[in-house]
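A short worksheet on the structure shown next.
Residue numbers (the working numbering), protein chains in the order written: chain E, 16 to 357; chain Z, 16 to 357.
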């Protein structure tokens, strides 16, 4: 791969969207200066070893707008998001820390509601919050609150995730319907004349990951939670990292009618819409049935599907075949059609 | 101690100042809902055990204004601050993660300068950055950039820090002159008709902590880096936690003339001013000479002093004796005379 240089003169919303511009910023500026290993920095969580004990570590900031929306809130996302990054890196969350950047004048009741949401999400995820920090900035220098979490976890046994172990013929599994989170946020902002009975899919995916791993660990090659940039961006990153093609069957991709309808109206590709409670897994063909069965039998995994497979061609790209026999290449997200989604 | 309740109706700047209001927020809202153990949450870093391996973990957000100032910048603070929290909790930093909340329109050159500052600080501290995240918010919804770091570290051997192990007769050591960081930031904002040849003391204190621990580990009972709220707030927290009194000799507290002068002019107590490269240690009397000698002989520890001792009275308070025979109780910081200092 040619080296990326970061030549953009200033920061735009797209640099935070998780797509092409974000990747340029990470690969062109952060990785060469901050991260020793580019590969590690781009996964969902890093692996470190401390006194011989392997540990997974990850962090995320949350700036979602509005702070509360159907199905979740910034506090819940901040816990689930970090636990999910650990889960899809093959680790069970152990401990978290949190920081708040609060805007002067924020009603305490709003902060308390988010602290309670975090508390509930921690209990559901079975993880401990062990420390934190709070800063306050003047009115107008933040937007209510920004939350950052970092987490460490213990790797699940018998799991060896690596995009380079992905082979042609491997199956691509998706845990459930796509786009619920992104479209929910879009509608919750009220800028559009659209209404739909839709909720964010915000949840901790660890129970699903554990069900999958318990049945099919030796065959699980790669996982990712398709948040910003959606399924298409996650799978394009995989295609690039393994040098193969990802071939998806559009009719197999689970999606609610409300999401499909909103995307059609707004000219958005649902494969680019953020999810907060789903994950994609690539599984060796011999383990695909076992893996799907394990997911479908776990609570919340009923809608999991095999949505495609890995092929030699088109190399480094994601191809979606429609039910009418057509096909299209779906690239990573470019620009930022839905800012501040998480 | 009576239970604290958080009844403030909205967030004020003082809730981020590290003093009384911050403590009310942490003890009244965050600790009961988020942190299992109040004690742990209020230290500089938490201790967790993963598969039998003890690990220290900490996090901090940085919103300092301006982003650059004599002697340092937000990027350098973000690395040193988290490494220092680990160091004074008795741990050597091992790995860090970082998130950026960037304001749309931020010139890339400003971001790059901070990434380079972080890179240099990482190299000096001998720690690896293993991952990160970036979010972008609209113009006016941040102030250039906010940085959050989290770090994990390995406990130094033979060190058992606990405020409850502090006894009357123990000596209080300070690593160097106080107030340089806070006053530098104040002057760098240019709101005052004041000039002084002063630089932030931003640095990684781990080498000093290690020098101290190597010579005097069995006698080292407690350490803290007196950032927001200054030496007075840190020592008031200790006094409260151990139920004893901390008696300081004002003339022994190292301080530059420029800091003394600015504080006098502005009516500030230098004991409330933030430091970013100092720490306070409480050491058993038998080890005090060894400890001081170790610090004075380490590069950057030449100005370390014994500034006072622990006494039975005044219980739960900090008493400062002046060179003229007078004395005054110095409380924790109240209000926020210097907002966004780190």
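Even glycine gets a Cβ: it sits at the ideal position worked out from N, Cα and C.
task = In the DSSP assignment, find the beta strand (DSSP E) that holds residue 336 of chain E and state where it starts and stops.
result = Taking the first chain and counting its residues from 1, the one referred to as residue 336 of chain E is at position 321. Run containing residue 336 of chain E: 332 to 336, per the beta strand (DSSP E) assignment.
key: Bridge partner(s) assigned by DSSP for residue 264 of chain Z   = Position 249 of the second chain, counted from the first residue, corresponds to residue 264 of chain Z. Z:336.
message = Does chain Z have any CB closer than 9 Å to the CB of residue 315 of chain E?
response = Residue 315 of chain E sits at position 300 when you count from the first residue of the first chain. Not an interface residue.
inquiry  = Starting from residue 368 of chain E, trace the beta strand (DSSP E) in both directions and tell me its first and last residue.
reply    = Since the first and last residues shown for chain E are 16 and 357, residue 368 of chain E lies out of range.
inquiry  = Check whether chain Z comes within 9 Å of residue 68 of chain E, counting only Cβ atoms and requiring the distance to be less than that.
reply    = For this step, residue 68 of chain E is matched to residue 53 along the first chain. Taking 9 Å as the threshold, the shortest C-beta distance from residue 68 of chain E to chain Z falls below it.
Whole-angstrom distance between residue 71 of chain E and residue 106 of chain E, CA atom to CA atom = Against the first chain, residue 106 of chain E aligns to sequence position 91. Against the first chain, residue 71 of chain E aligns to sequence position 56. When rounded, the distance between both Cα atoms is 6 Å.
Within 9 Å, strictly: CB atoms of residue 141 of chain Z and residue 216 of chain Z = Stepping through the second chain from its first residue, residue 141 of chain Z is reached at position 126. Stepping through the second chain from its first residue, residue 216 of chain Z is reached at position 201. In this structure, residue 216 of chain Z does not lie closer than 9 Å to residue 141 of chain Z by Cβ.
key: Span of the beta strand (DSSP E), counted from its first residue to its last, around residue 147 of chain Z   = Sequence index remark: in the second chain, residue 147 of chain Z carries index 132 (1-based). Its beta strand (DSSP E) spans residues 143 to 152.
key: Length of the line joining the Cα atoms of residue 118 of chain Z and residue 155 of chain Z   = Stepping through the second chain from its first residue, residue 118 of chain Z is reached at position 103. Stepping through the second chain from its first residue, residue 155 of chain Z is reached at position 140. Each residue's Cα considered, the two are about 7 Å apart.
Exposure label - residue 268 of chain E; buried when at least 16 CB within 10 Å = Position 253 of the first chain, counting from 1, holds the residue named residue 268 of chain E. The Cβ neighbour count for residue 268 of chain E, taken over all protein chains shown within 10 Å, is at least 16; the residue is labelled buried.
ask   = Does the beta-carbon of residue 266 of chain Z have 16 or more other beta-carbons within 10 angstroms, so that it is buried, or is it exposed?
value = Reading the second chain from its first residue, position 251 is the one you call residue 266 of chain Z. Label assigned to residue 266 of chain Z: exposed.
request  = Just mark residue 163 of chain Z as buried or exposed, buried being the case when its beta carbon has 16 or more other beta carbons within 10 Å.
outcome  = For the purposes of this step, residue 163 of chain Z is identified with residue 148 of the second chain, where counting begins at 1. That one is buried.
key: Sequence ranges, alpha helix (DSSP H) only - wholly within the segment 38 to 89 of chain E, length at least 4   = Correct list: 46 to 49 and 53 to 57.
query = Just reading off the alpha helix (DSSP H) that residue 297 of chain Z is part of, what are its end residues?
reply = Within the second chain, residue 297 of chain Z is the residue found at index 282, counting from 1. Per DSSP, residue 297 of chain Z belongs to no alpha helix (DSSP H); it is in the beta strand (DSSP E), 295 to 298.
request  = List the residues of chain Z whose Cβ lies closer than 8 Å to the Cβ of residue 112 of chain E, in chain order.
outcome  = Here the question's residue 112 of chain E lines up with position 97 in the first chain. By Cβ distance, chain Z contributes 61, 72, 73, 74 and 165.
key: Euclidean distance between Cα positions of residue 260 of chain E and residue 336 of chain E   = Working through the first chain from its first residue, we reach residue 260 of chain E at position 245. Working through the first chain from its first residue, we reach residue 336 of chain E at position 321. Straight-line measurement puts the Cα of residue 336 of chain E at about 13 Å from the Cα of residue 260 of chain E.
query = Got a sec: is the Cβ-Cβ distance from residue 355 of chain E to anything in chain Z below 9 Å?
reply = Here residue 355 of chain E refers to the residue found at position 340 when the first chain is read from its first residue. At least one chain Z Cβ lies under 9 Å of residue 355 of chain E.
query = Mapping DSSP to helix, strand and coil, what is residue 182 of chain E?
reply = Counting from 1 along the first chain, the entry for residue 182 of chain E is found at position 167. The answer is coil: DSSP assigns residue 182 of chain E none of H, G, I, E or B.
Buried or exposed (CB count within 10 angstroms, at least 16 for buried), residue 233 of chain Z = The count along the second chain starts at 1 and reaches residue 233 of chain Z at position 218. Its Cβ having fewer than 16 others within 10 Å, residue 233 of chain Z is exposed.
task = Taking C-beta pairs closer than 8 Å, name the residues in chain Z that residue 293 of chain E reaches, listed in chain order.
result = Here residue 293 of chain E refers to the residue found at position 278 of the first chain. Within chain Z, no C-beta atom comes less than 8 Å from the C-beta of residue 293 of chain E; the nearest is roughly 19 Å away.
key: Alpha-carbon to alpha-carbon, residue 192 of chain E and residue 245 of chain E   = Within the first chain, numbered from 1, the residue matching residue 245 of chain E stands at position 230. Within the first chain, numbered from 1, the residue matching residue 192 of chain E stands at position 177. Taking the straight line from one Cα to the other gives about 12 Å.
query = Roughly how many angstroms lie between the CA atoms of residue 210 of chain Z and residue 202 of chain Z, to the nearest whole one?
reply = Counted from its first residue, the second chain places residue 210 of chain Z at position 195. Counted from its first residue, the second chain places residue 202 of chain Z at position 187. Residue 210 of chain Z and residue 202 of chain Z have their alpha carbons spaced roughly 7 Å apart.
inquiry  = Could you check whether the Cβ of residue 93 of chain Z sits closer than 9 Å to any Cβ belonging to chain E?
reply    = Numbered from its first residue, the second chain carries residue 93 of chain Z at position 78. Residue contact check for residue 93 of chain Z against chain E: no CB pair falls below 9 Å.
request  = List the residues of chain A that residue 25 of chain E touches, going by C-beta distances under 7 Å, in chain order.
outcome  = Absent here is chain A; the protein component of the structure consists of chains E and Z.
query = DSSP three-state call for residue 137 of chain Z: helix, strand or coil?
reply = Counting from 1 along the second chain, the entry for residue 137 of chain Z is found at position 122. Reduced to three states, the DSSP call for residue 137 of chain Z is helix.
request  = Have a look at residue 29 of chain E and residue 349 of chain E and give me their C-alpha separation to the nearest angstrom.
outcome  = Start at 1 with the first residue of the first chain, and residue 29 of chain E comes out as number 14. Start at 1 with the first residue of the first chain, and residue 349 of chain E comes out as number 334. Rounded to the nearest angstrom, the two C-alpha atoms are 7 Å apart.
request  = Can you give me the start and stop residues for the alpha helix (DSSP H) that residue 118 of chain Z sits inside?
outcome  = As a first step, residue 118 of chain Z must be located in the second chain, where it is residue number 103. Segment 106 to 118 is the beta strand (DSSP E) holding residue 118 of chain Z; no alpha helix (DSSP H) there.
message = Considering only their Cβ atoms, is the gap separating residue 198 of chain E from residue 274 of chain E smaller than 9 Å?
response = Residue numbering aside, residue 274 of chain E sits at position 259 when the first chain is read from its first letter. Residue numbering aside, residue 198 of chain E sits at position 183 when the first chain is read from its first letter. In this structure, the beta-carbon distance from residue 274 of chain E to residue 198 of chain E falls below 9 Å.
key: CB contact flag (residue 333 of chain E, residue 250 of chain E, <9 Å)   = Counting from 1 along the first chain, the entry for residue 333 of chain E is found at position 318. Counting from 1 along the first chain, the entry for residue 250 of chain E is found at position 235. It is a contact, given that the beta carbons lie within the stated cut-off.
ask   = Do you know offhand how far residue 20 of chain E's Cα is from residue 110 of chain E's?
value = Within the first chain, residue 20 of chain E is the residue found at index 5, counting from 1. Within the first chain, residue 110 of chain E is the residue found at index 95, counting from 1. One Cα belongs to residue 20 of chain E, the other to residue 110 of chain E, and the distance between them is close to 36 Å.
key: Nearest-angstrom Cα separation, counted from residue 314 of chain E out to residue 170 of chain E   = Residue mapping note: residue 170 of chain E aligns to position 155 of the first chain, counting from 1. Residue mapping note: residue 314 of chain E aligns to position 299 of the first chain, counting from 1. The alpha-carbon of residue 170 of chain E is positioned some 22 Å away from that of residue 314 of chain E.
request  = Enumerate in chain order the residues of its own chain whose CB-to-CB distance from residue 174 of chain Z is below 8 Å, with the five nearest sequence positions on each side excluded.
outcome  = Indexing the second chain from 1 puts residue 174 of chain Z at position 159. Result list for residue 174 of chain Z: 105, 228, 232 and 235, in chain order.
message = For a quick check, are the C-beta atoms of residue 97 of chain E and residue 184 of chain E less than 9 Å apart?
response = Locating residue 97 of chain E in the first chain gives position 82, where the first residue counts as 1. Locating residue 184 of chain E in the first chain gives position 169, where the first residue counts as 1. No, Cβ-Cβ distance for residue 97 of chain E and residue 184 of chain E is not below 9 Å.
message = 9 Å is my cut-off, CB to CB: does residue 30 of chain Z come that close to chain E?
response = Numbered from its first residue, the second chain carries residue 30 of chain Z at position 15. By this cut-off, residue 30 of chain Z is an interface position.
Chain-order list of residues whose beta-carbon lies under 6 Å from that of residue 354 of chain Z (same chain, five-residue window excluded) = Within the second chain, residue 354 of chain Z is the residue found at index 339, counting from 1. So the qualifying residues of the chain are 28.
task = Find the residues of chain Z that neighbour residue 156 of chain E, judging by a C-beta separation of less than 7 Å, and give them in chain order.
result = What you label residue 156 of chain E is simply residue 141 of the first chain in a count that begins at 1. Neighbours of residue 156 of chain E on chain Z, chain order: 157 and 158.
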